[in-house]
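In what follows, a single structure is set out as structure tokens and then discussed.
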Amino acid sequence: MCGFTGFVSRSAPPDEKALRAMGNTIRHRGPDGEGHYVDEHCGIAHRRLSIIDLEKGRQPIVSPDGRYIIAYNGETYNFRQLREELTAAGHTFLTDCDTEVVLHGYMQWGPDVLKKLRGMFAFVIWDREKQELFGGRDPFGIKPFYYAQMGGLFFFGSECKSFLPHPGFKKELNPDALKLYLTFQYSALNESFFKGVYRLLPGHYFLHREGRTEFASYNAFTFAPENMPLEQRAAQIREVVAESVKAHEISDVEVGSFLSGGIDSSVIAALSRPDKTYSVGFANKDFDETGEAKALCEELGLRNISKTISAQEFFDALPAIQYYADEPNANLSTVPLYFLSQLAARDVKVVLSGEGADELFGGYITYHTTKPYRLYRKTPLALRRAVAKAVSGLPQFHGQGFLTKAAKPIDETFVGQAFIFGSEEADRVLTPAYRSSLTWHDVTEPYFEAIEGADDLTKMQYLDLHLWQPLDILRKADRMTMAHSLELRVPYLDREVWAVARAIPSSQKMRGKTMTKYPLRMAAVPLLPDDWVKRDKKGFPVPFIAWLREEKHYNWAKDLISQPFAAEFFDRDYLLDLLERHYSGRERTHRKLYTVLSFLIWYQVYFPEKCGVQPFTPKI
């Protein structure tokens, strides 16, 4: 796990001093070493976290003939198999690391090397002879990749912040990003919160030459349901996840495991049997799963290390969290993940985690619909809309919401696992300059069109695979672990696991009123206690709802909203009213407030000169 950054210049030779400053900005991604490559047109900086081939794996790596130069972030779990294939084709290797295998794979197969890689990755390869830059990203979007083109320079890197030290980079807020962020709780556009900085889409690659950049996709998620008895399917899932866990354990350093109170990470820990597992929680028992994690470890014979996060620690960490997040992040679970990563990094360099299981196997409660709802949805849409129109003007009654929601297709109601501000309320809270014409429909519609005709559950999964998973779940996972120089591996997000998951029909994924990802739960039966298999999903619960009703934290929020710079973006009176309604207990508005507060903190961190505050200095 590492980080890289750099640029291609068509005019002046690369500024090596600026390149080194860019690399130092992402030092947290790789404190074990740094490397640089500079020629007349290209500069590449790399920060290394040593995991495989600790002695000889320094980057950037140059091909034997000096033509190709690679900088790589991630892990390729089948690199030994690929190395044997390349050796048979005549390639010679000087290291035992996976990066050199990827380089020779590109020399042998060109862009098709991406289809052969099993792992998580983002990388660039500079062709010195053709003066062209090739870059690729893994299918799930586990590893980040950003790029920007400004003033004859093509920037690339693992994080947006790595571009900031270069004098040719113009730091400017992207005004179109804010409104959609208020709905999704994450940066939902392909263009980031920094104007002109874009993310390379998962499963895509690019070729940059002569100032032009061409993009292409090499992967597409398609569902292909197959009939199979549930018992057989459960055994198949257990086998493929176990094999993936084994592949993800490849390392020359110790591997630990995150462990929450849910089934996803528990299955991974039960299969891996690491020396150490890690958990965090809060003093409030309704928001703490460390006891459950310890109990499971006692039953499985594993060691568990845990930490209780205080309210003061939570609020004190918010500036650092937004700094490492790179773009504004309003998922409350990011905070415990930050502390969990900090805890694990004291002992290990690599951890396994359970991200991805919900998206692949149908784990979110939002995917679950009741039998009456499913039956009613079979009524012609025109009739459902007529009924909804008829009841909407009546006094409130039990079932009114059911009839109204069921009148709309899933395309008009589902945006993913977070829906904070609707488009109309977002416009209400924003000042005119930030009331973008874009709505959340503009983001979701292309994905729903791509899977037109599928059932509702499949449509929701498909959307989450393309938006929620890479832009929220995986982005925060990468940033919070890398903030502490910790490599996170996600065995569920594996091409072999996906090959099994895509074949599960929607009819098998749900049971009862609340039981989701049922085949995965059945796969876990031989691995976990019975009560654990049936546990509801909690995620990372955070007591922010209660803290914001305490005077100290209420005053903190009020002060931040009242800052002069906040008036550029928001109707502060509207926000203060939201705060008062929450503080008084009349309404739960904490998610909306946290979304706004997170942006304001992020803006202070990255645009201090516009806020009248001292620049944020990370502790590395």
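Okay, so the sequence shown: first residue is 227 according to the working numbering, each after it adds one. All residues carry an ideal CB built from backbone N, CA and C; glycine is no exception.
Does DSSP classify residue i as helix, strand or coil?
i: Tyr412; result: coil
i: Gly367; result: coil
i: Met736; result: coil
i: Thr815; result: coil
i: Val506; result: strand
i: Ile530; result: Rather than Ile, the amino acid found at residue 530 in this sequence is Asn. It is a strand residue.
i: Glu515; result: coil
i: His254; result: helix
i: Cys228; result: strand
i: Ala709; result: coil
i: Glu436; result: coil
i: Gly849; result: This structure does not reach residue 849, given that the chain is present from 227 up to 846, and the question cannot be answered.
i: Leu774; result: coil
i: Tyr444; result: coil
i: Val423; result: strand
i: Phe360; result: strand
i: His430; result: strand
i: Met454; result: coil
i: Arg417; result: According to the sequence provided, residue 417 is Glu. The question's Arg does not apply to it. Three-state result, Glu417: strand.
i: Phe791; result: helix
i: Leu786; result: helix
Would you list the one or two residues that DSSP bridges to residue i?
i: Gln375; result: Phe380
i: Phe389; result: None, per the DSSP bridge assignment.
i: Thr854; result: This structure does not reach residue 854, given that the chain is present from 227 up to 846, and the question cannot be answered.
i: Ile296; result: Ile287 and Ile351
i: Val576; result: Val481 and Glu713
i: Ala271; result: Thr231 and His262
i: Tyr718; result: DSSP, once it has assigned bridges, lists no residue as partnering Tyr718.
i: Thr302; result: Gly345
i: Ile535; result: Phe508
Measuring straight from C-alpha to C-alpha, what distance separates residue i and residue j?
i: Ser663; j: Gln538; result: 39 Å
i: His434; j: Ile270; result: 15 Å
i: Trp782; j: Leu804; result: 14 Å
i: Arg798; j: Ser788; result: 7 Å
i: Lys575; j: Ala616; result: 60 Å
i: Phe858; j: Val561; result: Outside the modelled stretch of the chain, which goes from 227 to 846, sits residue 858, for which no answer is possible.
i: Leu819; j: Asn557; result: 12 Å
i: Leu578; j: Val613; result: 49 Å
i: Glu398; j: Gly261; result: 29 Å
i: Val829; j: Asn400; result: The amino acid at residue 829 is misidentified as Val; the sequence shows Tyr. Answer to the nearest angstrom: the Cα atoms are 12 Å apart.
i: Val493; j: Arg721; result: 18 Å
i: Gly811; j: Asp501; result: 45 Å
i: Thr821; j: Asn555; result: 8 Å
i: His816; j: Asp291; result: 58 Å
i: Arg747; j: Thr684; result: 19 Å
i: Tyr372; j: Tyr832; result: 17 Å
i: Gln840; j: Glu452; result: 58 Å
i: Gln643; j: Gln687; result: 10 Å
i: Cys323; j: Met346; result: 15 Å
i: Asp682; j: Ile636; result: 6 Å
i: Leu340; j: Gly232; result: 21 Å
i: Arg737; j: Asp584; result: 15 Å
i: Tyr602; j: Ala546; result: 48 Å
i: Arg306; j: Gly383; result: 27 Å
i: Glu524; j: Lys778; result: 39 Å
i: Thr592; j: Ser559; result: 18 Å
i: Thr605; j: Gly331; result: 54 Å
i: Leu620; j: Pro769; result: 37 Å
Indicate whether residue i and residue j have their beta-carbon atoms separated by less than 8 Å.
i: Gly229; j: Ile252; result: yes
i: Ala521; j: Leu712; result: no
i: Pro717; j: Arg459; result: no
i: Arg701; j: Tyr424; result: no
i: Tyr673; j: Leu689; result: yes
i: Phe349; j: Ile277; result: no
i: His392; j: Arg715; result: no
i: Ala680; j: Phe449; result: yes
i: His710; j: Gln548; result: no
i: Asp364; j: Pro286; result: no
i: Val655; j: Leu754; result: no
Contact defined as beta carbons within less than 8 Å: I believe residue i pairs with residue j. What is the distance between those atoms, to the nearest angstrom?
i: Tyr431; j: Gly361; result: 6 Å
i: Ala519; j: Ser532; result: 7 Å
i: Phe647; j: Thr409; result: 6 Å
i: Leu485; j: Asn530; result: 7 Å
i: His267; j: Ser235; result: 6 Å
i: Tyr444; j: Pro337; result: 7 Å
i: Asp552; j: Lys387; result: 6 Å
How about residue i: is its Cβ closer than 7 Å to a heavy atom in the ligand FAD?
i: Ala461; result: In terms of ligand content, the structure shown is empty, and the ligand FAD therefore cannot be addressed.
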